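What follows is a short report on a single structure.
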Amino acid sequence: MLGCKPNTTPVEFGNKDQMFKGESVDKTMYQQLVGKLIYLSHTRPDIAFAVSLVSQYMHNPCRGHLDAVYRILRYLKQSPENGLFFKKTEDRTIKVFTDTDWAGSIDDRKSTSGYCTVIWGNLVRWRSKKQNVVARSSGEVKFRSMAHEVCEVVWIKRLYEELDMKYDGPIQLYCDNQSAISIAHNPVQHDRTKHVEVDRHFIKEKIENKIIKIEYVHTGQQLADILTKGLSELSFNVLLGKLGLIDIYRPA
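For the sequence shown, the residue numbers in UniProt numbering are 1 to 252.
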């Protein structure tokens, strides 16, 4: 890979079919490469979605899957200097962003969820994960994603208490789906939301107890979007800046 041509993004934008084409490849080599990328993704949120995607095919990888791994490596060659910068700010808020790519998986139409947590203006946690069930609507899948992230918010609150740190007010949870937000605030149960009833009551309880406050965020400002799908180079670079990834070797 030393003489390879660099890529500007870790995932090809808008072309998912190529992932499933080609003959079988060496499973051991594939697993070793992906395992190292998983380790690296713990400090590189920009490759989290791409690594999550290729890690789903560890048992029977084909040429298309290996090409996707090579694309990640070519992206890393293009951006070895990218790293998280933790800056000192006056911002003392905790913000949580959650997003999904509804039915984004070509093989089983399951959705991918992305979460990220920003504490005091700095990104401290992120995750890209394929959901376990097939959702029938974008509102449903985003609501399930929201419920998962509320559990993390509760954990953050408890961590603050253990550290004797007081956090006034609810934690802000940002979602770009009005339907999911409406379900969370609606006191009336409908047939179309019966299958997410437990999640709905759980979220509603946290809202009433002022643990969380759900707010709408425009898709263009949704930080978790980078964790759910392949983006264009422009959109990808914009979100990198918002997440706090910079050239860590740049002179201060």
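The beta-carbon is built from N, C-alpha and C at its ideal position, and this holds for glycine as well. Computed from a predicted structure; not experimentally measured.
Taking a contact as a CB-CB distance under 8 Å, the pair Ala224 and Phe97 counts as one, their CB atoms being some 4 Å apart. Rounded to the nearest angstrom, the Cβ distance from Val196 to Leu173 is 16 Å, too far for a contact under 8 Å.
With a cutoff of 8 Å on beta-carbon distance, Ala184 and Ile207 are scored as near each other. Taking all protein chains in view, the Cβ of Ile47 is crowded by 16 or more other Cβ atoms within 10 Å, so the residue is classified as buried. Shown here, Asn82 sits in a strand according to DSSP, grouped into three states.
In the structure shown, Val153 falls within a helical segment according to DSSP collapsed to helix, strand and coil. Per the coordinates, the alpha-carbon of Cys4 lies some 43 Å from the alpha-carbon of Cys151. Only residues of its own chain outside the window of five on either side were considered, and among them Val51, Ser55 have a CB closer than 7 Å to the CB of Ile38, listed in chain order. Taking Arg92 as the centre and dropping the five residues before and after it, the same chain places the C-beta of Trp120 closer than 7 Å to its C-beta, in chain order. DSSP links Ser24 through a beta bridge to Cys62. Judged by their CB atoms, Ser113 and Ser145 are nearer to each other than the 8 Å cut-off. Here the C-alpha atom of Arg74 lies approximately 28 Å from the C-alpha atom of Trp102. Each of His59, Glu215, Glu162 was checked against the Cα of Gln178, and the nearest Cα belongs to Glu215. Here the alpha carbon of Lys229 sits roughly 23 Å from the alpha carbon of Glu81.
Around the beta carbon of Lys95, 16 or more other beta carbons sit within 10 angstroms, so the residue counts as buried.
Relative to Val69, the option among Cys116, Asp247, Gln32 whose CA is nearest is Gln32. A straight-line Cα-Cα distance of about 12 Å links Ile246 and Lys87.
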